[in-house]
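Asker: Mind looking over this structure? Questions follow.
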Amino acid sequence: MPAATLADRAAPAALRLPDRLRLGAGIAAGNLAALGSRLANRGSGASIRGQVLTRIAPDAFKLLLRGRRIASVTGTNGKTTTSHLLAAAVRSGLGADTRRLVTNADGANLHYGIASALSAHRLADIAVLETDERVVSDMIEYGRPEILVLLNFSRDQLDRNHEIKSLGRAWRTALERAGHDGPTVVANASDPLVVWSAGTAANVVWVDTATSWTGDAALCPACGAVLSTAEGRWDCPACELTEPAASWVVDGASIHTPHGDEVTPQLRVPGTFNVSNAACALAAAVELGVSLDAALAGMRTVTAPAGRFATATLHGTTARLLLAKNPAGWAEALPLATSDPVILAIDSVAADGKDVSWLWDVDYEQLQGRRVVAAGPRAQDLAVRLSYAEVEHQVVPDLASALATVHDQRASAPGVNGAVPQAPVDLIATYTPFQKLLKMAGLR
Amino acid sequence: MSAPVEIVLIYQSLLGIYGDRGNAMVLVKRLQWRGIDAKLTMVEPGAPVPATGTVYLLGGGEDAAQVSAVRALQADGNLFRGLDAGGVLFAVCAGYQICGTTFTIGERDEVIDGLGLLDVETRRGPERAVGEILTRWTAPDGSQRLLTGFENHGGFTRLGAGAKPLASVEIGVGNANDGTEGAVQGRVIGTYPHGPVLARNAALADHILSVALDRELEPLERPEIDELHRQRVAFVRNQAVRH
Chain A
83 MPAATLADRA
93 APAALRLPDR
103 LRLGAGIAAG
113 NLAALGSRLA
123 NRGSGASIRG
133 QVLTRIAPDA
143 FKLLLRGRRI
153 ASVTGTNGKT
163 TTSHLLAAAV
173 RSGLGADTRR
183 LVTNADGANL
193 HYGIASALSA
203 HRLADIAVLE
213 TDERVVSDMI
223 EYGRPEILVL
233 LNFSRDQLDR
243 NHEIKSLGRA
253 WRTALERAGH
263 DGPTVVANAS
273 DPLVVWSAGT
283 AANVVWVDTA
293 TSWTGDAALC
303 PACGAVLSTA
313 EGRWDCPACE
323 LTEPAASWVV
333 DGASIHTPHG
343 DEVTPQLRVP
353 GTFNVSNAAC
363 ALAAAVELGV
373 SLDAALAGMR
383 TVTAPAGRFA
393 TATLHGTTAR
403 LLLAKNPAGW
413 AEALPLATSD
423 PVILAIDSVA
433 ADGKDVSWLW
443 DVDYEQLQGR
453 RVVAAGPRAQ
463 DLAVRLSYAE
473 VEHQVVPDLA
483 SALATVHDQR
493 ASAPGVNGAV
503 PQAPVDLIAT
513 YTPFQKLLKM
523 AGLR
Chain B
69 MSAPVEIVLI
79 YQSLLGIYGD
89 RGNAMVLVKR
99 LQWRGIDAKL
109 TMVEPGAPVP
119 ATGTVYLLGG
129 GEDAAQVSAV
139 RALQADGNLF
149 RGLDAGGVLF
159 AVCAGYQICG
169 TTFTIGERDE
179 VIDGLGLLDV
189 ETRRGPERAV
199 GEILTRWTAP
209 DGSQRLLTGF
219 ENHGGFTRLG
229 AGAKPLASVE
239 IGVGNANDGT
249 EGAVQGRVIG
259 TYPHGPVLAR
269 NAALADHILS
279 VALDRELEPL
289 ERPEIDELHR
299 QRVAFVRNQA
309 VRH
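These protein sequence lines are chains A and B, in that order. When the letters of the first sequence are read in order and numbered with the numbering used here, they come out as residues 83 to 526. When the letters of the second sequence are read in order and numbered with the numbering used here, they come out as residues 69 to 311.
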């Protein structure tokens, strides 16, 4: 297969007249609803646009995907950041012609969120689409993506997704059905569940992300045997499933390419896990036909994807906003949070997962010796967890009050030169408080 | 000096998907806070389970993991020896199910022999039980205590003559929507509320420890644990009123 280049334009979608009319009406109504939402100061309106659009034109997701070159990005953690890195890489490769790119930068990654983004950019022929795990099968079937990035697979919201493997099973089926028409899968070779899920794909580019989270990968997803690990590689002793040899390899802060080059992404988003995300984005960008240099240059422009890692001053406290949704995400975020105090905000509405048992799978012990402000509606659950971890803390459930408390404490205990400390306080939040913070900061 | 009290957390990689190690952390800390020497032993399949455990813990997990855990525990045998020697077993969720005589797995409801430590049988229920649960437990001193937790299970468990319910259900599903929750048989306790159920319910944690040590423990003043208990009880009752 000849390598793709960005000069390859997808064939424009030819829609039947009734589809075109219904889609047109849906888009018009959706845009109106989005405008109303913006005027009422209730956010960008992307979400309401998608909901109105899909109510009027239920096929909007399918129809709007047609006729585009699509790179879909999914996984439990890092979807939004990786999509931003990949979109930036493609944008950089396109040069002046950036109108050819559409992406759901706001992280709205369900059917209607994707439809909303696509409807606002009808003429863009390249789409980088963050895709919720539950939408991946439909994306493969209706979008026929050129690239599917599978980042990682760990337990998240078990009150909804009872079995981690069931999603992977659905992906396998969709990839098998797509056969040779299916996407080139850019997949994390370090994650057994990802490797198994990609097992039916016709074409896979493996990335060794050197990730260390093994909390959800004890058993072979194919046969149920206990996996073994030797010299940093995993293997199933009972069946064929084993860590595949990767063509892209993460090594500390650098990435080895399939052509033997070693590049240092020098990202402006923190954390070694983002080097792993960047490796996947880079592999996907190169598959799409972006040059390595252009892709790297683009990725270096990404600073705060959908507010992640953004710094904002709220109620007198300058805070760096970190999102963590599950134990794997907390394992990444906690080492980044080095401030004293640190604010942690926990909620348990549907988007966070109603069950906060996962608090006990997070190593909060590493915060010993620092002070924690426990915030959010489930602050008391966190407080008990911190007590058992012997971490000093105070409970301030209201987010605004928690930020104000930190400000007041810093003001009343100034530093050696009498100045109130200005260095940002790290604030890690689950999904819902994170969105509230972005709104407070005017970042969404 | 006597050997430290040993809390044994069994097969966390198989049975630990709901933060179940929290129960082990709670037991160890509650001993240490009282000045009692305690240690946590974590054991994974392939390594021998210590036969010297004071309290053994089993957590929640998926179907395949349940089967692997039963096989490994039967091959190892030390859990049975430890219980014969006076150890206590506290098993939650999938760990509770595998303690029974039989349970089922998979789409086709394949029947699997359990460890036979509890006279209970688990079969697929009419629908999955997911949500906050509130039960009443009668402590050994005769006082009634509320237990709060989160349940998430597809199996329904029926008790045989050899096992007694741990508690009665005020809100939630419990064993089989039959008003009972959990099972007690000798020094084995099983319950559905998973993960850190002992973090929310200090009284139950201390009960397990005093059974295991065969003595009363002095009370611990931990207001924020009481406050969490109060909040969760209020939440689940409010939720029940609204529905």
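Think of the CB as a built atom: it goes at the ideal place given N, C-alpha and C, for glycine as much as any other residue. Fair warning: this is a prediction, and the values are worked out from it, not measured in the lab.
Our contact map puts S358/A next to T293/A with C-beta atoms below 8 angstroms; I'd like the distance itself, whole angstroms only.
Answerer: At roughly 6 angstroms, the Cβ-Cβ gap stays under 8 angstroms, so S358/A and T293/A are in contact.
Asker: Please classify P264/B as buried or exposed, where buried requires at least 16 other C-beta atoms within 10 Å of its C-beta.
Answerer: By the 10 Å Cβ count, P264/B comes out buried.
Asker: S279/A and G250/A: beta carbons closer than 8 angstroms?
Answerer: Taking 8 angstroms as the Cβ cut-off, S279/A and G250/A qualify as a contacting pair.
Asker: Just how far apart, CA to CA, sit T420/A and L449/A?
Answerer: So the alpha carbons of these two residues sit roughly 9 angstroms apart.
Asker: Please say whether D290/A and A328/A have beta carbons closer to each other than 8 angstroms?
Answerer: Yes, they are a contact pair.
Asker: For T339/A and V188/B, what's the separation of their Cα atoms in angstroms?
Answerer: Approximately 56 angstroms between the Cα atoms of the pair.
Asker: How many angstroms separate the CA atom of L275/A from the CA atom of N234/A?
Answerer: If you take the alpha carbons of L275/A and N234/A, they lie about 8 angstroms apart.
Asker: V301/B and L202/B - do their beta-carbons sit closer together than 8 angstroms?
Answerer: Yes; because the gap between Cβ atoms is below 8 angstroms, this pair is in contact.
Asker: Any Cβ of chain B within less than 8 angstroms of the Cβ of D443/A?
Answerer: Cβ-Cβ to chain B under 8 angstroms: yes for D443/A.
Asker: For R102/A, tell me which candidate among L117/A, G334/A, R148/A has the shortest Cα-Cα distance.
Answerer: Comparing Cα positions, the closest option is R148/A.
Asker: Is the Cβ-Cβ distance between R453/A and E474/A less than 8 angstroms?
Answerer: Contact: yes.
Asker: Any beta carbon of chain A sitting closer than 8 angstroms to that of P113/B?
Answerer: Closer than 8 angstroms: yes.
Asker: For P326/A, which residues of its own chain have a beta-carbon under 7 angstroms away from its beta-carbon, when the five flanking residues on both sides are left out?
Answerer: For P326/A, where only same-chain residues beyond five positions count, the Cβ hits under 7 angstroms are A271, V277, W288.
Asker: Would you kindly work out how many angstroms separate the C-alpha atoms of R255/B and D214/A, rounded to a whole number?
Answerer: One C-alpha to the other measures close to 45 angstroms.
Asker: Could you compute how far the alpha carbon of A159/B sits from the alpha carbon of V286/A?
Answerer: Approximately 42 angstroms, taken between the alpha carbons.
Asker: C302/A to L309/A, Cα distance in whole Å?
Answerer: Going by the C-alpha atoms only, they are around 6 angstroms apart.
Asker: Closest by CA to A308/B, which one among V135/B, P291/B, I173/B, E238/B?
Answerer: Per the Cα distances, E238/B.
Asker: Closest to A96/A by CA distance: which of R204/A, D179/A, S174/A, S126/A is it?
Answerer: The shortest Cα separation from A96/A among R204/A, D179/A, S174/A, S126/A belongs to R204/A.
Asker: Indicate whether S236/B and E219/B have their beta-carbon atoms separated by less than 8 angstroms.
Answerer: Not closer than 8 angstroms, so no.
Asker: Name the chain B residues that come within less than 7 angstroms of V466/A, Cβ to Cβ?
Answerer: By Cβ distance, chain B contributes A267, E292, I293, L296.
Asker: What residues of chain A sit near A133/B, judged by a beta carbon separation below 9 angstroms?
Answerer: Ordered by position in chain A, the residues that pass the 9 angstroms Cβ test against A133/B are A300, L301, G306.
Asker: I'd like the list of long-range same chain contacts for T514/A, defined as Cβ closer than 6 angstroms, with 5 residues on each side in sequence excluded.
Answerer: D429, V431, A433, D434.
Asker: Name the chain B residues that come within less than 8 angstroms of W288/A, Cβ to Cβ?
Answerer: Ordered by position in chain B, no residue passes the 8 angstroms Cβ test against W288/A, which lies about 24 angstroms from the chain.
Asker: If you compare alpha carbons, which of G127/B, G258/B, R102/B is closest to S278/B?
Answerer: Looking at the Cα atoms, R102/B is the closest of the given residues.
Asker: Determine the extent of the alpha helix (DSSP H) in which L176/A is found, giving its start and end residues.
Answerer: Start and end: 161-176.
Asker: Quick one, which of A367/A, T163/A, A128/A has its alpha-carbon nearest R196/A's?
Answerer: Position check: residue 196/A holds Ile in this sequence, whereas Arg was assumed. Nearest of A367/A, T163/A, A128/A to I196/A, Cα basis: A128/A.
Asker: Given a threshold of 16 other Cβ atoms within 10 Å of its Cβ, counted over all protein chains shown, does G230/B qualify as buried or as exposed?
Answerer: When all chains shown are included, G230/B counts as exposed.
Asker: Nearest CA to the CA of A388/A: which residue from K521/A, V444/A, F355/A?
Answerer: Cα-wise, what sits closest to A388/A is K521/A.
Asker: From the beta carbon of W412/A, is the nearest beta carbon of chain B less than 8 angstroms away?
Answerer: No, W412/A does not count as interfacial toward chain B.
Asker: Which residues in chain B have a C-beta closer than 7 angstroms to the C-beta of R315/A? List them in chain order.
Answerer: By Cβ distance, chain B contributes nothing, its closest Cβ being about 17 angstroms from R315/A, past 7 angstroms.
Asker: Evaluate contact between the region 157-173 of chain B and the region 109-118 of chain B, counting only Cβ atoms and requiring at least three cross-stretch pairs below 8 angstroms.
Answerer: In short, these stretches do not touch, since the Cβ pair count stays below three.
Asker: Could you tell me whether the Cβ atoms of D220/A and R151/A are closer together than 8 angstroms?
Answerer: Contact flag unset, no.
Asker: Taking Cβ-Cβ distances below 7 angstroms as the criterion, which residues of the region 144-159 of chain B are in contact with chain A?
Answerer: Residues: none.
Asker: Compute the Euclidean distance between the alpha carbons of V507/A and S373/A, then round it to the nearest angstrom.
Answerer: If I take the Cα positions, the gap works out to 38 angstroms.
Asker: If you draw a straight line from the C-alpha of E212/A to the C-alpha of D90/A, how long is it?
Answerer: So the alpha carbons of these two residues sit roughly 22 angstroms apart.
Asker: So what does M110/B bridge to, in DSSP terms?
Answerer: In DSSP, M110/B forms a bridge with L77/B.
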